[in-house]
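First the structure, in the form of structure tokens, and then the observations on it.
Number of protein chains: 2
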Amino acid sequence: MTQTSAQDEIRVAVSTVIFALRRTPEDVREWEIVMPVVKRTRDPYEGDWALPGGWLRPDEGLADAAARTLRETTGLAPSYLEQLYAFGAVDRAPGRTVSIVYWALVRADEASAAVAPENVEWFPVKRLRGLAFDHDEIVAYASWRLQNKVGYSRIAQGFLPELFTLAELREVYEAVLGKSLDPANFRRQVEASQAILATKEFRTGAHRPARLYETNQALELADRGPLRNQ
Amino acid sequence: MTQTSAQDEIRVAVSTVIFALRRTPEDVREWEIVMPVVKRTRDPYEGDWALPGGWLRPDEGLADAAARTLRETTGLAPSYLEQLYAFGAVDRAPGRTVSIVYWALVRADEASAAVAPENVEWFPVKRLRGLAFDHDEIVAYASWRLQNKVGYSRIAQGFLPELFTLAELREVYEAVLGKSLDPANFRRQVEASQAILATKEFRTGAHRPARLYETNQALELADRGPLRNQ
């Protein structure tokens, strides 16, 4: 491998896709997936919305750079960012830029606790179109991964508080998948997956008590394989 | 996002992990997973083995760069490379280098047809240790992904010819997982997955005829999601 001066033309950026869940303003019985985007204040794409991100610094790891730029642009600090994909098409930006994209799910309380600058807004993912660069494509890929690749455990851990009912978990799934799920089938699949564990606690209220569940942390940790944190 | 001159210190490389399957020299009834590595001819790590790879050029996409450097270093040209992960720890190379790693499975006939330079050798993955840079870690992660993330369809398509018996597919799985599998259970799981399709052809020989299967291409194509090729 010989270093060529042409390498100077290639720059490395990081971007982050953040998913959160909220009740829709139109109907509080419905949930929707929302995502923070940042209005660009300079060219290229000045005035357009883009994913939170920035340039990689020589002295920081990829995940550290994603966490820093996310915090700087949106005030968000999720406990864990997972690498999604490296986007590097030749024409994706005016200067040749490889973007390492990370993603995370955040709970509603984390999302609203973040003190965000004025140029940040949360939009429903299904209405996000016309983002800067190839960010529409990145959001489409992240949404597909959210639908297809995450297990019950990860979704519960990402979107819900520590303890939750099966009905709440099902509502999260219905929002992510965009369709209704049969409660009995859902219970069977969740219990078979061993991704969540029944606790001895119940939620009581107007209806009959509903058992509270928690995520199976052991299963979640195994999911990253032999990668050290970077 | 402001461009800083510090970006000039960061370089982008690509590397490729290639898995192939061969009968072990010690016992032809056994299979083993092998991988090509390249002996480095210059510092750093001169004389050590490393994954095939090289620097990204400003005018080529990531997957194109992986394919080019793989071809240049090993003579291999798999039909499809999948992105594995971007490795970017600060201390992984003497100069700050982000490596976008791709991977592919190749069939034994593709592996032996490649005209490789003298400094390329295929080693059993389980005996590969002490590679240059963080390549031990990359191989460990790729092996974990091979074991955990690929479905019956992809493994069949990657390692086997167009038509194969269930016994052959099971032998491939036994080699990848490093353990014996119960033939009846295996048949049930494969058939339930719909990842392979029974053909009307049979392999005949000394034993009773065995039905030949092919991979379900429709399922395989759906697996990449909305990513365009890059």
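Protein chains in written order, with my numbering: chain A, 4 to 233; chain B, 4 to 233.
Glycine included, every Cβ here is placed at the ideal spot set by N, Cα and C.
Could you check how far apart the C-beta atoms of residue i and residue j are, in whole angstroms? I think they sit under 8 Å.
i	j	result
residue 128/B	residue 142/B	7 Å
residue 168/B	residue 206/B	6 Å
residue 162/A	residue 130/A	With 8 Å as the limit, residue 162/A and residue 130/A do not qualify as a contact, their Cβ atoms being about 19 Å apart.
residue 219/B	residue 146/B	The pair is not a contact, with the Cβ atoms about 25 Å apart (cut-off 8 Å).
residue 202/A	residue 215/A	5 Å
residue 103/A	residue 92/A	In fact, because the Cβ distance is near 14 Å, the residues do not count as touching under 8 Å.
residue 175/A	residue 150/A	Actually they are not in contact, since the Cβ atoms of residue 175/A and residue 150/A sit about 12 Å apart, beyond 8 Å.
residue 59/B	residue 17/B	6 Å
residue 52/A	residue 135/A	7 Å
residue 85/A	residue 105/A	6 Å
residue 54/A	residue 36/A	Contact doesn't hold; Cβ gap of about 15 Å is too wide.
residue 213/A	residue 170/A	6 Å
residue 125/B	residue 116/B	In fact, because the Cβ distance is near 13 Å, the residues do not count as touching under 8 Å.
residue 217/A	residue 165/A	6 Å
residue 10/B	residue 14/A	5 Å
residue 57/B	residue 72/B	4 Å
Going by DSSP in three states, residue i sits in which element: helix, strand or coil?
i	result
residue 224/B	A caution first: residue 224/B carries a pLDDT of 46, below 50, which makes its placement in the model too unreliable to give a value.
residue 89/A	strand
residue 63/B	coil
residue 68/B	helix
residue 5/B	Note that residue 5/B has pLDDT 46, beneath the 50 cutoff, so the model's placement of it is unreliable and the number below is only indicative. In the structure shown, residue 5/B sits in coil (DSSP, three-state: anything other than H, G, I, E or B).
residue 111/A	helix
residue 144/B	helix
residue 149/B	helix
residue 116/B	helix
residue 82/B	coil
residue 95/A	coil
residue 159/B	helix
residue 233/A	Caution applies to residue 233/A, whose pLDDT of 41 falls short of 50 and renders its modelled position unreliable; the model cannot decide the point.
residue 137/A	coil
residue 10/A	helix
residue 121/B	coil
Looking only at DSSP bridge pairs, what is residue i linked to?
i	result
residue 76/A	Residue 76/A is not bridged to any residue.
residue 127/B	37/B
residue 102/B	16/B and 90/B
Comparing the C-beta of residue i with each C-beta of chain E, is any distance below 8 Å?
i	result
residue 10/A	Looking for chain E here will not work: the only protein chains present are A and B.
Inset, instruction - Scan the region 162-223 of chain B and note each continuous alpha helix (DSSP H) run of 4 residues or more that stays entirely inside, going in chain order. - result: If we require 4 residues or more, the alpha helix (DSSP H) runs fully inside the region 162-223 of chain B come out as 169-180 and 186-196.
Inset, instruction - Mind listing, in chain order, the continuous beta strand (DSSP E) runs of no fewer than 3 residues lying wholly within the region 12-58 of chain B? - result: Complete beta strand (DSSP E) runs here, min 3: 14-26, 34-42 and 56-58.
Legend entry - Short-range partners of chain A found in the region 56-87 of chain B, where Cβ spacing is below 8 Å: For the region 56-87 of chain B, which is checked against every Cβ of chain A, the residues closer than 8 Å are 56, 57, 58, 59, 60, 61, 62, 63, 64, 65 and 86.
Inset, instruction - Name, going along the chain, the residues of the region 172-187 of chain A whose beta-carbon falls closer than 9 Å to a beta-carbon of chain B. - result: The residues in question: there are none.
Inset, instruction - Mind checking the region 94-111 of chain A against chain B and listing, in chain order, the residues whose C-beta falls within less than 7 Å of any C-beta there? - result: Of all residues in the region 94-111 of chain A, those with a C-beta nearer than 7 Å to a C-beta of chain B are 99, 101 and 103, reading in chain order.
Legend entry - Members of the region 13-30 of chain B near chain A, C-beta cut-off 8 Å: If the cut-off is 8 Å between Cβ atoms, the region 13-30 of chain B has 13, 14, 15 and 16 near chain A.
Inset, instruction - Return the residues of the region 40-51 of chain B that lie within a Cβ-Cβ distance of less than 7 Å from chain A, sorted by chain order. - result: Residues passing the 7 Å Cβ filter: none.
Inset, instruction - Check distances from the C-beta atoms of the region 121-150 of chain A to those of chain B and list, in chain order, the residues that come in under 8 Å. - result: Residues 140, 143, 144, 147 and 148.
Inset, instruction - Quick one: which residues of the region 196-212 of chain B get their C-beta closer than 9 Å to a C-beta of chain A? List them in chain order. - result: Taking 9 Å as the Cβ-Cβ cut-off against chain A, none of the residues of the region 196-212 of chain B qualify.
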